[in-house]
Amino acid sequence: MAARRPRRARIQTGQRSIDHLVSTDRPTARPASARPRARSGAEWSAERGGGTVRGAPEERGAERRSGRRQSRRRSMASDAALKALAVAAGACALAYLVKKRREEAHAAAAARREHADAQAGASMPAALDAVGGHGSKKDKGPPILVRDGAILKPFQPAQPGKGKSRGELEAEFYKEVSESESPLKAFIPKYLGLEKLHDAMYLKLENMTYGLECPCVLDLKMGQQTYDETASPEKIAKEKKKYPPQEKIGFRIVGMKVYRRSKDEWWKSSRDWAMSITEDSMTNAIEKFFDDGQVVRYGLMGQLVEELDKIESMLRETARWRMYGSSLFVVYDGKAERPELRVRMIDFAHVFPIRDGGVDDGYLHGVQFLRGCLNSSLSLASSHHAAPAQVGGAHGNISSKGGEIIKREDKKEQFDVEVDFYRKAWDPSSPDSLSRVMPRLIRVDESTSPRELVISDATESVRRKSRDPMANEAVSIMDVKLGLRSFRSDCPNEPKSEYYNKYATFETELSPGRAEEIWETLVGDRDGPASLSDGKLGKRDYLAFRDATTTSRELGFRLTALVHGDYRVSQADSRSVETRIQFLEGLEHYLYNEDGFSLDVAEQFVNELSKVQEALSESRLFRRYELVGTSLLFLHANGKAAIRFIDFANSTPSDVADRNGVLQGVQRLTMAIEELIMKYRAPQ
């Protein structure tokens with residue numbers, strides 16, 4: 001009988017099959033020629049050594065038959081096990097194939113979608129790496145997508161009871177502006193239509209970062225309020241509480257991403273950092289966007305100032321809408337040596353027509369404040385960058401151009417006071433002696449909005465004349481605030497929520513312990529004025545405490561800002577100058593040059609301070625006004641020094657001469673410089 005071959009067991013699984021080699025080998029009968037010959041009893045006997053073995057062949061035959069039966073039973077058991085194993089393998093194979101079929105189906109669907117997109121002339125978009133609130137929030141719908149030169153922004157859902165969705169309203173606004181001749185068209189991303197993708201509707205816009213190797217992005221939420229005209233009282237309260245300084249500043253930083261090319265690293269702002277920025281620290285915060293890790297790109301700051309001027313003019317000339325929750329999007333390539341700035345207004349889901357004949361005051365206020373922050377940084381620029389005149393002036397309303405300082409109206413009362421003071425000091429028929437140490441009054445533009453006070457640039461008094469209009473000399477500048485206090489004698493002391501919005505959320509009635517919490521936010525310590533224990537905290541309390549922590553109360557002056565080459569003390573840093581010794585250290589740095597301490601410049605400053613004292617003693621205005629918040633601007637360049645008296649917006653009529661100790665401050669400044677002169681003057 002021939003030996004059997006292994007048979008192939010075929011297991012059917014749907015449309016596919018798997019072949020398993022299942023061994024079904026059994027003990028096979030040997031051919032007759034190979035079988036042992038039957039032996040006789042004599043042969044058995046001879047094999048066993050001649051002994052007689054009775055019945056041996058019969059016993060051996062029984063044993064062989066028994067062995068074959070056991071072998072067959074083992075073979076049958078093996079067959080059963082192999083069949084069971086084959087069934088189990090088939091079940092696993094079936095599960096695997098089902099999973100594989102599903103994966104193939106999903107892949108095919110994705111391929112069909114990709115093919116459909118390719119037919120439309122586009123590749124699959126990727127999610128946008130947003131810096132602020134412009135990516136999707138968790139579980140709030142699809143994200144913003146980016147596809148080459150386009151941004152795909154998903155429609156925002158409709159709010160209950162408000163009809164059209166915010167996405168539809170925004171798309172209609174973009175379409176209306178893009179199809180019109182509105183000047184606004186030049187300041188918003190290009191409208192590229194709508195697109196449906198994966199059952200979601202998208203607004204398709206120009207990608208402002210397209211083509212940039214390392215796009216640095218700044219997202220500013222503009223306006224003094226972020227709630228629109230239909231907001232409920234609950235919504236208004238929620239938005240106001242979100243970032244109280246916005247009412248004062250006119251914008252907030254939503255997000256910032258900067259490439260530090262000198263370190264080949266990225267810096268990205270956090271929400272906590274952005275929400276901790278105050279009115280006083282906003283200038284430094286904005287400057288971070290232009291810091292490449294080694295130098296600050298002041299040229300880009302100048303570009304942004306120019307763009308803000310254009311936006312302000314457009315908003316005043318085209319006063320059609322008030323835009324709530326709109327953003328200003330600023331981009332440049334952090335990898336480029338000489339990058340160009342891209343600036344666009346975005347986010348128009350809450351736009352309302354102007355029906356009262358006014359303008360978008362909230363947005364304009366933010367533009368002005370932002371421009372002031374930039375100009376403040378530019379005025380502190382080092383010798384390698386342009387440096388406008390003033391470093392410690394009012395926020396948000398000062399700029400310089402062509403030898404002129406332009407102070408724009410911020411608060412009507414203060415603007416009127418300063419204009420009146422300048423006009424009296426520079427009265428052509430009878431100029432006051434203070435005009436000898438003040439910037440020259442050039443003009444007052446009443447027709448502009450906001451109004452402008454234009455005075456001479458004080459730095460021109462120490463610059464060398466140059467035929468090159470692009471030449472820009474570095475001027476070392478120090479701003480010193482005069483007076484024993486920085487608030488008027490009639491300053492109220494009741495809590496004023498409008499004033500304190502820039503620091504924290506201040507309530508009219510403070511709950512127990514709330515005053516201490518707010519004070520800790522302001523100064524980093526819960527200990528403060530005695531009024532805190534009564535649950536009160538007023539403007540006068542805060543300003544008096546601030547003056548006590550600087551040199552104002554002791555010396556009659558305090559350092560506001562300083563820039564001298566690479567040495568710099570910002571307005572924020574100046575708060576840490578609390579003693580006379582610390583001021584002398586800063587003053588010493590200011591009077592140093594490549595050859596050491598400049599005795600000549602120091603002596604010129606002593607002479608200039610003598611002129612200031614003389615002008616004050618002869619001044620009619622000084623006898624009739626209380627000067628609060630006025631500054632002395634120290635300037636020197638190329639060995640030439642000058643001092644100018646600036647800032648008169650808080651001057652108020654007074655029947656007491658020099659109530660605020662201005663003369664004391666001038667005298668103490670003179671003594672400080674003379675002390676350094678004595679230190680460095682060689683013995684005679």
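Numbering follows the UniProt record's numbering, in which position 488 of the sequence shown is assigned residue number 488; successive positions increment by one, without gaps. Just so it is clear, CB atoms sit at the ideal spot from N, CA and C, and this is done for glycine as well. Treat the numbers as computed from the prediction; the structure is a model and nothing was measured.
Three-state secondary structure (DSSP) of residue i
| i | result |
| --- | --- |
| LEU669 | helix |
| TYR259 | strand |
| THR652 | strand |
| LEU194 | strand |
| ASP445 | strand |
| GLY596 | strand |
| residue 693 | This structure cannot settle anything about residue 693, because the visible part of the chain is limited to 1 through 684. |
| ILE236 | helix |
| ILE677 | helix |
| GLY49 | Low per-residue confidence applies at GLY49: pLDDT is 48, beneath 50, and the placement is therefore not dependable, though the value from the model is reported in the following sentence. Three-state DSSP puts GLY49 in coil, outside helix and strand. |
| PHE251 | strand |
| ALA386 | Residue confidence is low: ALA386 scores 38 on pLDDT, short of 50, so the model does not pin down where it sits. No coordinate-derived value is stated. |
| residue 685 | For residue 685 there is no data in the structure shown, the boundaries of the chain being 1 and 684. |
| LYS242 | helix |
| LYS164 | coil |
| SER429 | coil |
| LEU398 | Residue identity check: residue 398 is Ile in the sequence provided, not Leu. Note: ILE398 maps to strand in three-state DSSP. |
| ARG147 | strand |
| LEU627 | coil |
| LEU616 | helix |
| PRO142 | coil |
| VAL662 | helix |
| VAL462 | coil |
| LEU591 | coil |
| PRO439 | coil |
| LYS496 | The predicted position of LYS496 is uncertain, since its pLDDT is 47 and thus under 50; a value taken from the coordinates is nonetheless stated next. Coil. |
Residue j beta carbon less than 8 Å from that of residue i
| i | j | result |
| --- | --- | --- |
| PHE597 | LEU591 | yes |
| THR278 | PRO245 | yes |
| ARG623 | LEU633 | no |
| LEU374 | GLY661 | no |
| LEU555 | GLY629 | no |
| VAL419 | LEU453 | yes |
| VAL359 | ARG408 | no |
| residue 685 | VAL475 | What the structure shows of the chain is the stretch from 1 to 684, and residue 685 is not part of that stretch, so it cannot be assessed. |
| ARG342 | MET208 | yes |
| PHE415 | ARG443 | no |
| ASP333 | LEU212 | yes |
| LEU482 | LEU621 | no |
| VAL577 | THR551 | yes |
| ALA285 | ARG436 | no |
| TYR174 | LEU203 | yes |
| VAL351 | MET323 | yes |
| ILE477 | LEU635 | yes |
| LYS190 | LEU205 | yes |
| LEU676 | GLU588 | yes |
Span of the beta strand (DSSP E) around residue i
| i | result |
| --- | --- |
| ARG623 | Segment 620–624 is the alpha helix (DSSP H) holding ARG623; no beta strand (DSSP E) there. |
| SER489 | No beta strand (DSSP E) holds SER489; DSSP gives it neither H nor E. |
| PHE645 | 640–646 |
| LEU633 | 631–637 |
| ASP219 | 215–222 |
| LYS407 | 404–408 |
| ALA200 | 200–206 |
| TYR567 | 567–569 |
| ASP479 | 476–482 |
| VAL454 | 452–456 |
Start and end residues, alpha helix (DSSP H) containing residue i
| i | result |
| --- | --- |
| GLU179 | Premise fails: GLU179 is in no alpha helix (DSSP H) and is neither H nor E. |
| TYR422 | 412–425 |
Q) Mind pulling the beta strand (DSSP E) runs of 3 or more residues that sit fully within the stretch 264–309? A) 265–268
Q | the stretch 260–277 / the stretch 229–236 touching (three or more Cβ pairs under 8 Å) | A | Judged by pairs of C-beta atoms under 8 Å, the stretch 260–277 does not touch the stretch 229–236, as fewer than three such pairs exist.
Q | Cβ pair count under 8 Å reaching 3, the stretch 343–363 against the stretch 311–329 | A | yes
(Q) Three or more C-beta pairs under 8 Å: does that hold for the stretch 601–619 against the stretch 562–578? (A) no
Q: For the stretch 448–467 and the stretch 397–409, state whether three or more C-beta atom pairs, one from each stretch, are separated by less than 8 Å.
A: yes
Q) Counting Cβ pairs, one atom from each stretch, are 3 or more of them under 8 Å apart for the stretch 295–303 and the stretch 358–378? A) yes
Q) Along the chain, which unbroken stretches of the beta strand (DSSP E) at least 3 residues long are found entirely within the stretch 313–369? A) 321–323, 327–333, 342–346, 351–353
Q. Does the stretch 142–151 touch the stretch 192–203, meaning 3 or more C-beta pairs lie closer than 8 Å?
A. yes
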